[in-house]
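Chains as they are written, first to last, in my numbering: chain A, 55 to 426; chain B, 55 to 426. C-beta: ideal position from N, C-alpha, C; glycine also.
Number of protein chains: 2
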Amino acid sequence: METFYLKYGGTKLYFGVNAIKNLEREVSGIEHATIVTGKQSARRSGALDDIKNILKEKNIEYDIFDRIKPNPTVEMADELAEYIWKKSSDCMVAVGGGSIIDTAKVSSVIALSGGCARDYLKGKTAKRSLPLYAVNLTHGTGSEIDRFAVLTDGIHKIGISSRYPDVSIDDPRYTLTLPENQTIFTSIDAFFHAYEAVTATTSNKFVETLSIESAKLIGESLPREQTTDEKEKLLYASMIAGISLDMSPAHIVHAIEHALSGLNPELPHGCGLAIVGARSIYWIHRHSENSGKILQALLSKKIDSPEDAEKSFREFLRSVGFEETLDDYGFSRDDFRDVEKILFEDLKYFLKRVDFRFTPEMLHDVLEKSLY
Amino acid sequence: METFYLKYGGTKLYFGVNAIKNLEREVSGIEHATIVTGKQSARRSGALDDIKNILKEKNIEYDIFDRIKPNPTVEMADELAEYIWKKSSDCMVAVGGGSIIDTAKVSSVIALSGGCARDYLKGKTAKRSLPLYAVNLTHGTGSEIDRFAVLTDGIHKIGISSRYPDVSIDDPRYTLTLPENQTIFTSIDAFFHAYEAVTATTSNKFVETLSIESAKLIGESLPREQTTDEKEKLLYASMIAGISLDMSPAHIVHAIEHALSGLNPELPHGCGLAIVGARSIYWIHRHSENSGKILQALLSKKIDSPEDAEKSFREFLRSVGFEETLDDYGFSRDDFRDVEKILFEDLKYFLKRVDFRFTPEMLHDVLEKSLY
């Protein structure tokens, strides 16, 4: 696959093997950078070394903030913002998947506009934001090309329209060291960006073009051996699903997953989506013509009913080695009311994005059929 | 099809039925606008009335410059730039197809950066440019979403990277009044943007996604009755082919056509492409794997050889009612040397965009097989 450059939304994105090299040109004029990352993937993937080398070569001073965890909290974003502010950094280089890029987005706003993460989650408008470079390490987030950020406040995961990264790097070499389960989780995350975008009321022809291509590539590449070529296709699929999502946000499946991983932060996002996805698809498919089109692209077969949609998607998950359930993450029927409360109170705005009424009964049905 | 908003490159694009309504919000703060158009299509389509009404409602003064002709010249761009400059306009509203939007792009640069069109065709860099709104009236140009402009200097048509429109409107209602031959010409223009982009050395996966979808839609919609639905699909196909072209510029077919319509400005651009396209495809197909993929999307059939590619494309043209030849536009074998001279001297940079050597012998073969 050829490397390429794409300017979408507010982001200049460089895609392809060795795309990281473009960072060199983009950081001109920067005196101090804060590298934002987690404990492992930036080191393991080789991305951190590459970035440090580029900064050193350009005589740019840097500090590393490596305390971001999955399902990041508002406190984490506030801490990072204060760190950057005290360091008087000129920019942030976020190196990781969605958790890291999302946190960096919100902190880049707080650092220059003041306040705290909770304010922005509640609707405060950003006045300014620090330049943000995103070096994406997973083929799932889409956050490198969309304007969204999701943070956790207590047991509540909240998604907001925050900002685009200024410059993003999608270099498939960095995804080669993703553990096998993360390969599945993040690919399924990308698929649900594509699926939910195209089945939302806000879908449009451009979303359809990109979502269907994304699903087709995930269906082709996820079951195969994860070579650089397959990784590149998955990363591309995730990136274009990110554009779809940016134009037409997620709804039911993401909302249920946010409720669940708000209650249990140990549940990885893509894993939660996969667990509740099959039965959610059953309900969405009943009301959306596009559901059939995109499932056909993923599964390379015609889907003839909501039952077939659910069954075929479950088969696909099994074929790529995914068999987890809510029970595996300690959920039981006792938790269903809590999920319902969060979904229909805090996250009800997600549910307005489809053109049918998703009811508590439907939710209980989804949870029940995802339990074991 | 749903209306949508897309931010690509430097352009905010509004797409869909009644997309023109978004112009109202976008012209806020403007005191004087110059509407740039030709003699007919802006009036016939209803676009001019809609725009005048919006400007009046917003109390924006305007003048109309309606002297742009097909295959516009550098002198035309200079004249328009001087007109705007003297009027002290705050913006230009270009209403038309590629000729009009392209001229407006170059004039918007001259108006604020000085010099003349020829300077910029020769590589002068734009310092500033006047805000440009493009209301696109054809489903062929792509100029509403790309950064290119093509102008004629003497017998030489020259394409440059100029600027993106700031805001573009793709409202399919305005294409309903396109004459039948223009419907064919502009659709074929869009197809060759997609085809050349994807067969160029600069092609990439994103170009492939968009080009192949574009060709598929043109193949489905061009042969049908031109309802608003079909027009919308053709307009969408043209727009995404414009993004493809912006990322991966045109080469052989466009270059030959530019040479021909430089010699005879009466030759409409899309018509020239259709005339020389079939035999050009024969040569490109021999060297490009993507040629087969995109022709399959256009023609809904597998193409198994360069001969089949040429023959099938000719059949497609006949099926939509296109049967013109170089002879119909007064070209004879006596002109072949002139075409060769222009192509291999002035336009040779186009030919570097493919990974095989396009020779004078190949050119003569294309012209010979496009003569009658």
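Between the beta-carbon of S268 (chain B) and that of A254 (chain B) there is about 15 Å, and that puts the pair past the 8 Å contact cut. For M146 (chain B), the secondary structure class from DSSP, reduced to helix, strand or coil, is strand. With a minimum length of 3 residues, the unbroken runs of beta strand (DSSP E) contained wholly in the stretch 120 to 172 of chain A fall at 145 to 150. The DSSP-derived three-state label of T206 (chain B) is strand. Using a 10 angstroms sphere on the CB of R387 (chain B), the tally of other CB atoms stays under 16, which defines it as exposed. If you ignore the 5 residues before and after S162 (chain A), its C-beta comes within less than 6 Å of the C-beta of M146, S183, L184 and L186, all in its own chain and listed in chain order. C-alpha of F376 (chain A) to C-alpha of S366 (chain A): approximately 14 Å in a straight line. DSSP places L60 (chain B) inside the beta strand (DSSP E), whose first and last residues are F58 to Y62. Beta-bridge partners assigned by DSSP to N190 (chain A): A:G150 and A:D224.
Counting of Cβ neighbours within 10 angstroms places S82 (chain A) among the exposed residues, the total staying below 16.
The beta-carbon of N72 (chain A) is placed no less than 9 Å from the nearest beta-carbon of chain B. When Cβ-Cβ separations below 9 Å define contact, E56 (chain A) makes contact with chain B.
By the criterion of a C-beta distance shorter than 7 Å, L405 (chain A) is surrounded in its chain by H305, I306, A309 and F412, once the five residues flanking it on both sides are discounted. At least 9 Å separates the beta-carbon of A158 (chain A) from that of A180 (chain A).
With respect to I118 (chain B), L134 (chain B) sits apart: the two C-beta atoms are not nearer than 9 Å.
In the same chain as I108 (chain A), and ignoring 5 residues on each side of it, the C-beta atoms closer than 6 Å to its own belong to L77 and E78, in chain order. Straight-line spacing of the CA atoms in R227 (chain A) and F69 (chain A) works out to 11 Å. Relative to K106 (chain B), the option among B:V393, B:K93 and B:I89 whose CA is nearest is B:I89.
Rounded to the nearest angstrom, the Cβ distance from A363 (chain A) to H339 (chain A) is 4 Å, consistent with a contact under 8 Å.
Residue contact check for Y68 (chain B) against chain A: no CB pair falls below 9 Å.
If the five residues before and after D104 (chain A) are omitted, its C-beta is found closer than 7 Å to the C-beta atoms of I74, all from its own chain and listed in chain order. Taking the Cα positions, L299 (chain B) is about 9 Å away from F202 (chain B). Think of a sphere of 8 Å around the beta carbon of T263 (chain B): the chain A residues whose beta carbon falls inside it are T263, L264, E267 and I294, in chain order. When the five nearest sequence neighbours on each side are left out, the beta carbons in the same chain lying within less than 6 Å of the beta carbon of V261 (chain B) are those of A251, V252, S298, M301 and S302, in order along the chain. Pairing V160 (chain A) with S216 (chain A) gives a Cβ-Cβ distance under 9 Å. At a cut-off of 9 Å between C-beta atoms, N258 (chain A) counts as an interface residue with respect to chain B. Scanning its chain for C-beta atoms nearer than 6 Å, with the 5 sequence neighbours on each side dropped, one finds around S334 (chain B) the residues I306, V307 and V420, in chain order. Only residues of its own chain outside the window of five on either side were considered, and among them A351, L352, L353 and S354 have a CB closer than 7 Å to the CB of G273 (chain B), listed in chain order. Looking at the DSSP output, S424 (chain A) bridges to nothing.
Considering only beta carbons, no part of the stretch 340 to 353 of chain A lies closer than 7 Å to chain B.
When DSSP states are grouped into helix, strand and coil, E279 (chain A) belongs to the coil group. M293 (chain B) and I199 (chain B) have their C-alpha atoms spaced approximately 7 Å apart. Under the three-state reduction of DSSP output, S197 (chain A) falls in the coil class, being neither helix nor strand. For the pair S95 (chain A) and L232 (chain A), the Cα-to-Cα distance works out to about 8 Å. Think of a sphere of 9 Å around the beta carbon of M301 (chain A): the chain B residues whose beta carbon falls inside it are F58, Y59 and L60, in chain order. Pairing Y403 (chain A) with L314 (chain A) gives a Cβ-Cβ distance that is not under 9 Å.
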